[in-house]
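Comments concern the structure below.
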Amino acid sequence: MFDGKNILITGGTGSFGKKYTKTLLQNYKPKKIIIYSRDELKQYEMAQEFNDPCMRYFIGDVRDANRLKKAFKDVDYVIHAAALKHVPIAEYNPMECIKTNINGAQNVIDAALDNGVKKVIALSTDKAANPVNLYGATKLASDKLFVAANNLVGEQDIKFSVVRYGNVLCSRGSVIPYFQKLIDNDEKELPITDEKMTRFMITLQDGVDFVLKNFGRMQGGEIFVPKIPSLKIVDLAKFLAPSLPHKIVGIRPGEKLHEIMCPADDSHLTYEFEDHYVITPTIKFTSDKDYETNLFGEKGTHVKQGFEYNSGNNDKWLNKEEFLELLEDM
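Going left to right, the sequence shown walks through residues 747 to 1076 as my numbering numbers them.
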């Protein structure tokens, strides 16, 4: 479905954008892949690696509505990956996080509507479910904006959906490279926030593949949640450095013991499919959609009332061999 199409990725110089671009170039023949981001150095470096004739690099910020509207001209599909994501930095600079994650989301929606884009998928985070920090709160607001945007399309054939998943293995700023740096620096112990703490884990390629697949599934208004494994942070530390002792440092402000992707309060809106969940909109659209059956013909079933999908009650867990194999593959 991407052959001959124009695809734009906001925040496209990030780890997701690079992997998504690589996957598109390996498996499809797009007309254009447009990388939209604000960092000229990252664009320059990415252009050295991805110099296919279909590549386009646009300097711009999602806060800049006029620039977005120009960049979206003749675009078929948009992946909105741009965001301020660092939890402590968002707490310290709240308005900057709001400007990018909420105002920027609305600018993406407006630019897509003004240019007749066909499909838009916004990337979300497990921190948007029952948020306890500003980053999660802004992403929840962003999710709500993209879902509600389906009521603004009028007669246009355009759909907006959201993909929500957990921690990406080895992504910048995540716990694995942090632990690895401490190990490489010959630290005598690894800091553990809480022995019970768990997190969802997904590889970057699996995240990219899930987004690609949902462009085919989406009807507009869904929040797609993949079924992915969990991992205890204390086990993660043991897998990386079996001989190093641990120091319990306590949960930081804005952190949870377990991350949530499908809240219990949304259980009446949630369908379970073979490899994913779908959280349907809380609002009614002008045209009814059958979310129980997606456009691939896959059929889902309503989850039980009160069901919550969190990293602590997951039935899929990474063992040491699986974790190290994933790490080696990456």
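All residues carry an ideal CB built from backbone N, CA and C; glycine is no exception.
Remember, it's a predicted structure, so these values are computed and weren't measured experimentally.
The C-beta separation of Val-995 from Ile-922 comes to about 17 angstroms, leaving the pair out of contact by the 8 angstroms criterion.
In the structure shown, Met-841 falls within a helical segment according to DSSP collapsed to helix, strand and coil. Judged by their CB atoms, Leu-891 and Ala-857 are not nearer to each other than the 8 angstroms cut-off. By the Cβ rule, the segment 1025–1045 counts as touching the segment 889–903, because three or more pairs are nearer than 8 angstroms.
Under DSSP, Val-1049 takes part in no beta bridge, so it has no partner. Annotation for Thr-769: the continuous alpha helix (DSSP H) segment containing it runs 761–773. Rounded to whole angstroms, the gap between the alpha carbons of Phe-946 and Ile-867 is 21 angstroms.
Here Glu-786 is exposed, its C-beta having fewer than 16 other C-beta atoms within 10 Å.
Taking the C-beta atoms as reference points, Leu-977 is found nearer than 8 angstroms to Leu-1064. Asp-1021 is the residue among Thr-756, Gln-789, Asp-1021 and Thr-767 whose C-alpha sits nearest the C-alpha of Lys-1045. Ala-836 places its beta carbon less than 8 angstroms from that of Tyr-881. In the DSSP assignment, Ile-974 falls outside any beta strand (DSSP E), carrying neither H nor E.
Along the segment 874–916, the alpha helix (DSSP H) occurs as fully enclosed runs of 4 or more residues at 880–894, listed in sequence order. Among the bridge pairs identified by DSSP, Thr-1016 is matched with Ile-1025.
Excluding the 5 residues flanking it on each side, Gly-757 has same chain C-beta neighbours closer than 7 angstroms at Gly-763, Ser-783, Ala-827, Ala-828 and Ala-829, in chain order. Non-local beta-carbon contacts of Asp-1075 in its own chain, meaning distances under 8 angstroms to residues more than five positions away in sequence, involve Thr-949 in chain order. Remark: C-beta atoms of Lys-885 and Asn-847 approach each other more closely than 8 angstroms.
Only residues of its own chain outside the window of five on either side were considered, and among them Val-980 have a CB closer than 6 angstroms to the CB of Glu-941, listed in chain order. For Thr-944 against His-992, the beta-carbon gap comes to about 15 angstroms, at or over 8 angstroms, which does not count as contact.
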